[in-house]
Amino acid sequence: MLIVGLTGGIASGKSLVSRIFRDLGASLIDADRIVHELLAPDQEAGKEVAEHFGRDILLPDGSIDRRKLGEIVFNDQEQRAWLNTCLHPRVFQVYTRQVKRLSRAAPDAIVVFDAALLIETGFHRKMDRTVVVYADRDQQVRRLGERDRLTPQQAEIRINSQMPLAEKRALADYVIDNRGTREETEHSAREVFSKLREEAREAGR
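Below, the structure written as structure tokens:
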């Protein structure tokens, strides 16, 4: 089994690459999906977050309005640190359980852990390989405006909350450049995955 950490900056194209890797046969573990499940009203983490931030962040059905939560934590470093301390250990616990299950079911699998803050948390050190998806800052701002309807100022705040992409690139085993066309990104992702597949074969010999 080869464990691959996939990361990048917000709106850099990480989700596109994760879908390509999955379509090529990778077993995908999505940190954002894990967070979504942890924040459910019946989960311990969801209850802690609702208690900490108050009822103003709740939707009518009792679930957490992640947009409102994002507005708070991206504008308050202390609140963001609290949320990360609450969620990250739980995310990695779920990840570990999923990897153990996959190792029993498919010991030759390429497991891709898609996590935006993989490097910020230091968890990249537990990966066999790290892949960083790269885009220019102005592209990130534009995509955040189109995708999440954020103003340029809101987009800049969210980008600034993460480690600069240039620093992430320096820690990557592979970099996928997403500054060009979708076709170019897909081609680069396929090339990287081919190399990962070869590494997985070598490791299994």
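When we follow my numbering, the leftmost residue of the sequence shown carries the number 1152, and every step to the right adds one.
Even glycine gets a Cβ: it sits at the ideal position worked out from N, Cα and C.
Fair warning: this is a prediction, and the values are worked out from it, not measured in the lab.
Beta-bridge pairing by DSSP links ARG1276 to no other residue.
Residue burial annotation: SER1163 is buried, with at least 16 other C-beta atoms found within 10 angstroms of its C-beta. PHE1264 is not a Cβ neighbour of ILE1208, given a cutoff of 8 Å. Assignment of ASP1289 by DSSP, reduced to helix, strand and coil, places it in the helix class.
Residue environment for SER1345: exposed (fewer than 16 other C-beta atoms within 10 angstroms of its C-beta).
Looking at the DSSP output, LEU1322 shares a beta bridge with no other residue.
Under the three-pair Cβ rule at 8 Å, the segment 1178-1192 counts as touching the segment 1244-1251. Burial check for GLN1313: the Cβ neighbour count within 10 Å reaches 16 or more, so the residue is buried.
According to the DSSP secondary-structure assignment, ILE1215 is paired through a beta bridge with LEU1209. Contact between ALA1354 and VAL1168 does not hold, since the beta-carbon distance rounds to 22 Å and is not under 8 Å.
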